[in-house]
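Novice: The numbering of the sequence shown is the working numbering, which starts it at -6 and goes up by one. Idealized CB from N, CA, C, for every residue including glycine.
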Amino acid sequence: MLATVSTTAALVAGTAPQAAADVHAAVVTITYSDAQAGEFVNAVAQGVAIWNASVTNVRIVKAAAGQRADVQVIADNGWPRATLGPVRPGGRGTVWMGREAVNDGYNVVRIASHEFGHILGLPDRKPGPCSSLMSGSSAGVSCTNPNPNSTERSRVQSLYAGWLAPSADVGKVLVG
Ligand SMILES: [Zn+2]
């Protein structure tokens, strides 16, 4: 009797996330790990939150402890940099939160948001104004704007619009 109850509970717990994922099947979700992000964990979380508030076709979420992440965030002593995406679920991207620019006085949240712009598929647009996120350091140390402009937002929207999560029916056995 007890065994039956716990098995049922496990099945319900196992199926609930799948049902939730189906509802938002068109939204691409990519994961990141800040395990090596050092003192930049909060800035990275803010940069990610800005992107999640700016676009709807892709969501960036922190991977659970011990889970594989699509994007690794690493603090180091170089200049900030990142691999160019768009990173897909199961893909691979890296953001280096370089201390060199932080020590020069550049805004750390703008750096994080800019580097995640690369992860989402945006190249640099240098030189450029502070209103452009991808103008990066060319906007100067005084620029603290961490938000993508409308062109940058719509570019990311298009890059992720064409990619749909595999149908839940893939791998299903159809009888008859
Ligand atoms: Zn850049």
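(1) What does the alpha-carbon distance come out to for the pair residue 86 and residue 39?
(2) In chain order, what residues of the same chain have a beta carbon less than 6 Å from the beta carbon of residue 109, not counting five sequence neighbours either side?
(3) Which same chain residues end up closer than 6 Å to residue 33 when comparing Cβ atoms and leaving out the 5 residues on each side of it in sequence?
(4) Give, in chain order, every unbroken run of the alpha helix (DSSP H) that is at least 4 residues long and sits entirely within the stretch 10 to 72.
(5) Specify, as a first and last residue, the run of the alpha helix (DSSP H) that residue 149 falls within.
(6) Starting from the C-beta of residue 142, find all residues in its chain whose C-beta is less than 6 Å away, skip the five residues before and the five after it, and write them out in chain order.
(7) Rounded to the nearest angstrom, what separates residue 5 and residue 111 at their Cα positions?
(8) Given 7 Å as the limit, tell me if residue 84 has its C-beta closer than that to any heavy atom belonging to ligand 1.
(9) Looking at residue 101: is its Cβ nearer than 8 Å to the Cβ of residue 36?
(10) In the DSSP output, which residue or residues are listed as bridge partners for residue 91?
Specialist: This is what the structure holds:
(1) 18 Å
(2) 40, 44
(3) 68, 90
(4) 34 to 47
(5) 143 to 154
(6) 124, 125
(7) Low confidence applies to residue 5: its pLDDT is 42, below 50, so where it sits in the model is not reliable enough to give any reading.
(8) no
(9) yes
(10) 69
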